[in-house]
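J.: Each protein sequence line maps, in turn, to chains A and B. Positions 1 to 248 (my numbering) are the ones given, in order, by the first sequence. Positions 1001 to 1248 (my numbering) are the ones given, in order, by the second sequence. The beta carbon of each residue, even a glycine, is placed where N, CA and C say it ideally should be. I am attaching a structure below and will ask some questions about it afterwards.
Protein chains: 2
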Amino acid sequence: MTNSPKTLTRLFTDADLGANALCTLGSGPAHKLRAVLRAEIGDEILLFNGRDGEWRARLTDIGKSQALAQCLSQTRPQTAEPGPWLAFAPIKKDPLDMMIEKAVELGVQKLIPVITRRTENRRVKEDRLNQQIIDACEQCERLTVPTLEAPISLDHLPAFWPPERTLIVCAERRDAQPLAQALKSINGPLGLLIGPEGGFEDAELDAALKQPISTPVTLGPRILRAETAAIAALAVIQATCGDWSTNP
Amino acid sequence: MTNSPKTLTRLFTDADLGANALCTLGSGPAHKLRAVLRAEIGDEILLFNGRDGEWRARLTDIGKSQALAQCLSQTRPQTAEPGPWLAFAPIKKDPLDMMIEKAVELGVQKLIPVITRRTENRRVKEDRLNQQIIDACEQCERLTVPTLEAPISLDHLPAFWPPERTLIVCAERRDAQPLAQALKSINGPLGLLIGPEGGFEDAELDAALKQPISTPVTLGPRILRAETAAIAALAVIQATCGDWSTNP
């Protein structure tokens, strides 16, 4: 580990952070510090908890089941990250993990597994996905951690979804506006609905598009895999009406 | 295999396609047809070669080392796909394969491996990457196959790069315009330069940005992994000034 601010190890913690606060880091971060990063007592790290900004801290103990760190000074104040929501049909493990990681990097605020008729992977491993989310937050320097909701069926999504938040529905092979054009007439918060590997069934897509919250869009002339559609659409949303006007 | 046009197996071939043409498919497609798809003689498939559009064809023989198919009728005429170029530092296998697959889905026209000072993976497995490219073309319904160039060093990229094609350089933590804003003032063809996992060295980034072809851009407030940056930037390019105004 080096003390250059750019390469300090960055870890998420549930603990409160503040001047001189002593933070307990659980077995996951303790293992990472000890076995992966070969950190030593006295090394500096960065900590964030989604509430108190980012703090430089010094490791005071590294055990097998936990590590201790004492906060030194705040490196970044807490800011809100009001990114888009992503409602997604769970897909196969590798592309799902990748989609989650990239969605976090692209600033998603809420992740909602949605069970559709053609959804093959109906057992969402929430523990694994939450770990993916935290790993990606640590890596991409986010200050907040997106929430992973419990899976709901597509039929129940409209009742869950706030009426003021536009639901952008990726509907290939339908008569719809290209995403960038549709975004020009959307004001306020928004989110994205991505179907499973085999796409939506016609009837369930019809039903989803009938909801007043829904705006159908297309993502170009090629057939995108589910995870590509999610990543590509999130990038376009953030670049054209999201937070890409600010820099690291 | 079904005869529904939406789900016909779609294969790339080097053979010429035309009315009644008999096409030989090599061992790769033959294996796929026989062992993966359990196709039978008489089944219909779709063929494309990047030159003659897309053809519906009937399998007339399926052997171990090759298969034969006879063209029936053209389903789509050949069109140009003048997408962006992607110059990328080779990264680790899994994210590299994923980046290539997604770049193909997003319509990239040319892929150029670029060796930078911090590039750890200097042996580019061109055979494997070319197979990734063809698989992705078959899946996403492209009519052209992007070319994979031989790896070149970053120092040699400006000599290789056509002067009229803007090179968009993703330069996080630098003073640069956000991508969507930069794209508004770029006319004509363009391409993207993405660094390796550890980013460019300062001096090589300075040198790349000094080239008259180069335009530096930023991709938002979070630190994106190399493959995320490539996919996200390609999506924004295609959605805002590429071919996303047309549908499948």
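Can you give the Cα-Cα distance for A/G188 and A/T240, rounded to whole angstroms?
T.: Start at 1 with the first residue of the first sequence, and residue 188 of chain A comes out as number 188. Start at 1 with the first residue of the first sequence, and residue 240 of chain A comes out as number 240. Those two C-alpha atoms are separated by around 13 Å.
J.: At a cut-off of 8 Å, would you count A/V124 as near the ligand ZN, judging by its Cβ distance to the nearest heavy atom?
T.: No copy of the ligand ZN occurs in the structure displayed, which carries no ligand at all.
J.: Identify, in the order they occur along the chain, each residue of the same chain with its Cβ nearer than 8 Å to the Cβ of A/Q70, setting aside the five sequence neighbours on each side.
T.: Translated into positions along the first sequence, residue 70 of chain A becomes position 70. The residues are N20, A21, L22, C23, A57, R58 and T60.
J.: What is the C-beta distance between A/A230 and A/L219, in whole angstroms, given that I count them as a contact (C-beta under 8 Å)?
T.: As a working note, residue 230 of chain A is residue 230 in the first sequence. As a working note, residue 219 of chain A is residue 219 in the first sequence. Not really, about 10 Å apart at Cβ, beyond 8 Å.
J.: Which class does B/F1200 belong to by DSSP, given the choice of helix, strand or coil?
T.: Here the question's residue 1200 of chain B lines up with position 200 in the second sequence. In this structure, B/F1200 counts as coil in the three-state DSSP scheme.
J.: What is the rounded straight-line gap between the Cα of A/T215 and the Cα of A/R222?
T.: The residue given as residue 215 of chain A occupies position 215 in the first sequence. The residue given as residue 222 of chain A occupies position 222 in the first sequence. Rounded to whole angstroms, A/T215 to A/R222 spans 20 Å at the Cα level.
J.: Using a Cβ cut-off of 7 Å, which residues of the segment 1079–1101 of chain B contact any Cβ in chain A, in chain order?
T.: M1098
J.: Could you check whether the Cβ of B/L1106 sits closer than 9 Å to any Cβ belonging to chain A?
T.: Walking along the second sequence from the start, residue 1106 of chain B turns up at place 106. So yes, B/L1106 belongs to the interface.
J.: Have a look at B/R1038, B/N1049 and B/M1098 and flag the residue whose alpha-carbon is nearest the alpha-carbon of B/D1016.
T.: The sequence position of residue 1016 of chain B within the second sequence is 16, counting from 1. Among B/R1038, B/N1049 and B/M1098, the Cα nearest to that of B/D1016 is on B/N1049.
J.: Quick check: the Cα distance between A/D127 and A/I91, rounded to an integer number of angstroms?
T.: The residue labelled residue 127 of chain A in the question sits at position 127 within the first sequence. The residue labelled residue 91 of chain A in the question sits at position 91 within the first sequence. Near 16 Å, if we compare the C-alpha coordinates of A/I91 and A/D127.
J.: Work out the CA separation of A/L86 and A/A207 for me, nearest whole Å.
T.: Numbered from 1 along the first sequence, position 207 holds the residue referred to as residue 207 of chain A. Numbered from 1 along the first sequence, position 86 holds the residue referred to as residue 86 of chain A. A/A207 and A/L86: Cα-Cα distance of roughly 19 Å.
J.: Please name the residues in the segment 149–180 of chain A whose beta-carbon is closer than 9 Å to at least one beta-carbon of chain B, in chain order.
T.: E172, R173, R174, D175, A176, P178, L179 and A180
J.: Using Cβ-Cβ distances below 9 Å, what residues of the segment 202–227 of chain A are close to chain B?
T.: If the cut-off is 9 Å between Cβ atoms, the segment 202–227 of chain A has T218, L219, G220, P221, R222, I223, L224, R225 and E227 near chain B.
J.: Output yes if chain A places a C-beta closer than 9 Å to the C-beta of B/D1135; else output no.
T.: Looking up residue 1135 of chain B in the second sequence gives position 135. Chain A, which has no Cβ nearer than 9 Å to the Cβ of B/D1135, makes this no.
J.: Leaving out the 5 sequence neighbours to the left and right, which residues in its chain are closer than 8 Å to B/R1225 when beta-carbon positions are compared?
T.: Here residue 1225 of chain B is taken as the residue at index 225 of the second sequence, counted from 1. Result list for B/R1225: P1095 and E1197, in chain order.
J.: Go ahead and pull the three-state DSSP assignment for A/T24.
T.: Numbered from 1 along the first sequence, position 24 holds the residue referred to as residue 24 of chain A. Reduced to three states, the DSSP call for A/T24 is strand.
J.: Could you check whether the segment 107–116 of chain A touches the segment 75–84 of chain A, counting it as contact only if at least three pairs of C-beta atoms, one from each stretch, sit closer than 8 Å?
T.: yes
J.: Since B/P1189 meets chain A, which of its residues come closer than 8 Å, beta carbon to beta carbon?
T.: What you label residue 1189 of chain B is simply residue 189 of the second sequence in a count that begins at 1. Simply none; closest approach about 18 Å.
J.: At least one CB of chain A closer than 9 Å to the CB of B/A1030: is that the case?
T.: On the second sequence, residue 1030 of chain B is found 30 positions in, with the first residue counted as 1. False, the Cβ-Cβ gap to chain A never drops below 9 Å.
J.: Nearest chain B C-beta to A/N20 closer than 9 Å, yes or no?
T.: Counted from its first residue, the first sequence places residue 20 of chain A at position 20. Chain B, which has no Cβ nearer than 9 Å to the Cβ of A/N20, makes this no.
J.: Restricting to runs no shorter than 4 residues, where is the alpha helix (DSSP H) found entirely within the segment 1141–1180 of chain B?
T.: Within the segment 1141–1180 of chain B, the complete alpha helix (DSSP H) runs of at least 4 residues are 1157–1160.
J.: B/A1309 to B/L1008, Cα distance in whole Å?
T.: With chain B covering 1001 to 1248 only, the question about residue 1309 of chain B has no answer from this structure.
J.: Between A/S185 and chain B, is there a C-beta pair that is closer than 9 Å?
T.: For the purposes of this step, residue 185 of chain A is taken as residue 185 along the first sequence, with counting starting at 1. Among the residues facing chain B, A/S185 is not included, as its CB has no counterpart in that chain under 9 Å away.
J.: With DSSP as the reference, label B/K1092 as helix, strand or coil.
T.: What you label residue 1092 of chain B is simply residue 92 of the second sequence in a count that begins at 1. Note: B/K1092 maps to coil in three-state DSSP.
J.: Around the Cβ of A/K102, are there at least 16 other Cβ atoms within 10 angstroms (buried) or fewer (exposed)?
T.: Residue mapping note: residue 102 of chain A aligns to position 102 of the first sequence, counting from 1. Under this definition A/K102 is a buried residue.
J.: With a CB to CB cut of under 7 Å and the five nearest residues on each side skipped, what residues in its chain are close to A/E201?
T.: As a first step, residue 201 of chain A is located in the first sequence; it is residue number 201 there, counting from the start. Here the set comprises R117 and R118.
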